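See structure below.
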Amino acid sequence: MYKVKIVSDTKELAEVAVKRFTTLVEKAIAKRGVFRVSMAGGSTPRGMYVRLAQPEIAEKIDWSKIQIFWGDERCVPPDHGDSNYRLVKETLLDNVPIPDENVFRVRGELAPEQAANDYITALRGAFGLDPAGGHVNGIESRPRFDLILLGMGKDGHTASLFPGLGAIHETERWVAAHFVDKLDTWRVTLTPVVLNAAANVVFLVSGASKAARIAEVLEGPFRPHDLPAQIVRPTNGQLLWLIDEQAAAVLNKN
Ligand code: 6PG
Numbered sequence: 321m322y323k324v325k326i327v328s329d330t331k332e333l334a335e336v337a338v339k340r341f342t343t344l345v346e347k348a349i350a351k352r353g354v355f356r357v358s359m360a361g362g363s364t365p366r367g368m369y370v371r372l373a374q375p376e377i378a379e380k381i382d383w384s385k386i387q388i389f390w391g392d393e394r395c396v397p398p399d400h401g402d403s404n405y406r407l408v409k410e411t412l413l414d415n416v417p418i419p420d421e422n423v424f425r426v427r428g429e430l431a432p433e434q435a436a437n438d439y440i441t442a443l444r445g446a447f448g449l450d451p452a453g454g455h456v457n458g459i460e461s462r463p464r465f466d467l468i469l470l471g472m473g474k475d476g477h478t479a480s481l482f483p484g485l486g487a488i489h490e491t492e493r494w495v496a497a498h499f500v501d502k503l504d505t506w507r508v509t510l511t512p513v514v515l516n517a518a519a520n521v522v523f524l525v526s527g528a529s530k531a532a533r534i535a536e537v538l539e540g541p542f543r544p545h546d547l548p549a550q551i552v553r554p555t556n557g558q559l560l561w562l563i564d565e566q567a568a569a570v571l572n573k574n
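Here this note's numbering is used: the first residue of the sequence shown is 321, the next is one more, and so on.
Here's what the structure looks like:
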């Protein structure tokens, strides 16, 4: 199941997203001394990251206990304008005292498959898991994020799971690298294996251009090959769709 919260605009979207983030930070650190989050790329989350970096918010967070990952990355160097790492670095990481060793970017400058394998190794190390899918001390070997932030494209993609790609249906590998024809570019992405192992997933969606598609995703038939965002259904976690009024315009209101 999932929850939908409709907010008035992108400002309120950022506020609500930051509140959810800080609430989960407190819970995770109190429980296990660490908060692991996967950040969304694209433009929608920018306002949230800027807000999170503002002193009245950032000063209340123990950044030494926060580990930052990404849901996907474009296969470009970290200083490239398309880099999702650069987005988070400029809006958030450069403005808070998070240790470098707590930041686990996808190394987009590597060959795509190498970047994917490198990221799997980073996930294994940070989560202390065996990527072979075995069980360690009876715990299923999958990285279970405290929070995964995601966006949704106009075509219903999320992370870099684009319509028609095999990675939408991945059941073993944690990370996939694939060529996205429509964008003429390589991408590296978490697969549903990791997305659906999360304790909390929050989608951030804004703008009239998403309205028709989000109605299909949330209220239409289940067809994730065409609407990859539908594949995100945390097995044992909470899913929240944060949607502004423009993007929610076509949703069934009752
Ligand atoms: C990316 C993102 C992607 C993004 C959607 C929505 O690397 O582009 O991971 O999944 O979240 O494309 O992007 P906007 O927020 O810019 O609409």
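Yeah, the Cβ is synthetic: ideal placement off N, Cα and C, and Gly gets one too. Note that the structure is predicted; figures quoted are calculated from it, not measured.
Residue i Cβ short of 7 angstroms to ligand 1 heavy atom set
i: Ser363; result: yes
i: His545; result: no
i: Thr478; result: yes
i: Arg406; result: no
i: Met368; result: no
i: Trp321; result: Strictly speaking, residue 321 in this sequence is Met, with Trp absent from that position. No.
i: Gly428; result: no
i: Gly391; result: yes
i: Met472; result: yes
i: Arg425; result: no
i: Ala360; result: yes
Among the options, nearest to residue i - alpha-carbon criterion
i: Leu513; options: Val525, Pro554, Gln558 and Ile388; result: Before going on, a small fix: residue 513 reads as Val here, not Leu. Checking every option, the nearest Cα to that of Val513 belongs to Pro554.
i: Met359; options: Phe424, Ser328, Gly401 and Ala431; result: Phe424
i: Pro375; options: Val408, Lys323, Val416 and Tyr405; result: Val416
i: Ser363; options: Val327, Phe355, Arg406 and Lys380; result: Arg406
i: Phe499; options: Phe465, Leu510, Pro548 and Pro432; result: Pro432
i: Gly353; options: Glu539, Thr505, Phe447 and Pro365; result: Phe447
i: Glu490; options: Ile551, Val537, Ala348 and Leu443; result: Ile551
Residues near residue i in its chain [Cβ-Cβ closer than 7 angstroms; skip 5 each side]
i: Ala370; result: It is worth fixing the name first, because residue 370 is Val in this sequence and not Ala. For Val370, where only same-chain residues beyond five positions count, the Cβ hits under 7 angstroms are Thr411.
i: Ala435; result: Cys395, Val426, Arg427, Gly428, Ala497 and Val508
i: Asp438; result: Arg427 and Leu430
i: Asn516; result: Val552, Arg553, Pro554 and Thr555
Beta-bridge partners of residue i, as assigned by DSSP
i: Gln387; result: Arg356
i: Ile394; result: According to the sequence displayed, residue 394 carries Arg and not Ile. Partner(s): Arg507.
i: Asn520; result: Gln558
i: Val327; result: Asp564
i: Thr478; result: Leu481
i: His498; result: Arg507
Contacting residues, own chain, Cβ-Cβ under 6 angstroms from residue i (five flanking each side not counted)
i: Asp475; result: Pro483
i: Leu559; result: Tyr322 and Val521
i: Ala518; result: Phe465, Ile468, Pro554 and Gly557
i: Lys339; result: none
i: Asn404; result: Gly361, Trp390 and Glu393
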